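Heads up: the structure comes next, in structure tokens.
In UniProt numbering, the protein residues as written are 1 to 56.
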């Protein structure tokens, strides 16, 4: 049972890191030099909250 819980939390943490990296890449690379585009919220940014809520 403990192995399953650890694997589940590990997958959630991996998902959180992947979504965070996607948001960072989008804002730092894709939107480089586009100041007004920084006010746009992409889909992966708010989704990063959900894996963290489950970890609690």
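By construction, the Cβ of each residue, glycine as well, lies at the ideal position given by its N, Cα and C atoms.
Note that the coordinates shown come from a computational prediction; the quantities given were computed from them, not determined experimentally.
Beta carbon of residue i nearer than 8 Å to that of residue j
i: residue 48; j: residue 24; result: no
i: residue 64; j: residue 38; result: The requested residue 64 does not occur in the structure, where the chain is confined to residues 1 to 56.
Rounded C-alpha distance that separates residue i from residue j
i: residue 46; j: residue 52; result: 11 Å
i: residue 6; j: residue 29; result: 34 Å
i: residue 31; j: residue 4; result: 39 Å
i: residue 42; j: residue 2; result: 35 Å
i: residue 35; j: residue 54; result: 34 Å
i: residue 33; j: residue 50; result: 30 Å
Anticipated Cβ contact below 8 Å, residue i with residue j, distance rounded
i: residue 44; j: residue 16; result: About 10 Å separates the two Cβ atoms, so there is no contact after all.
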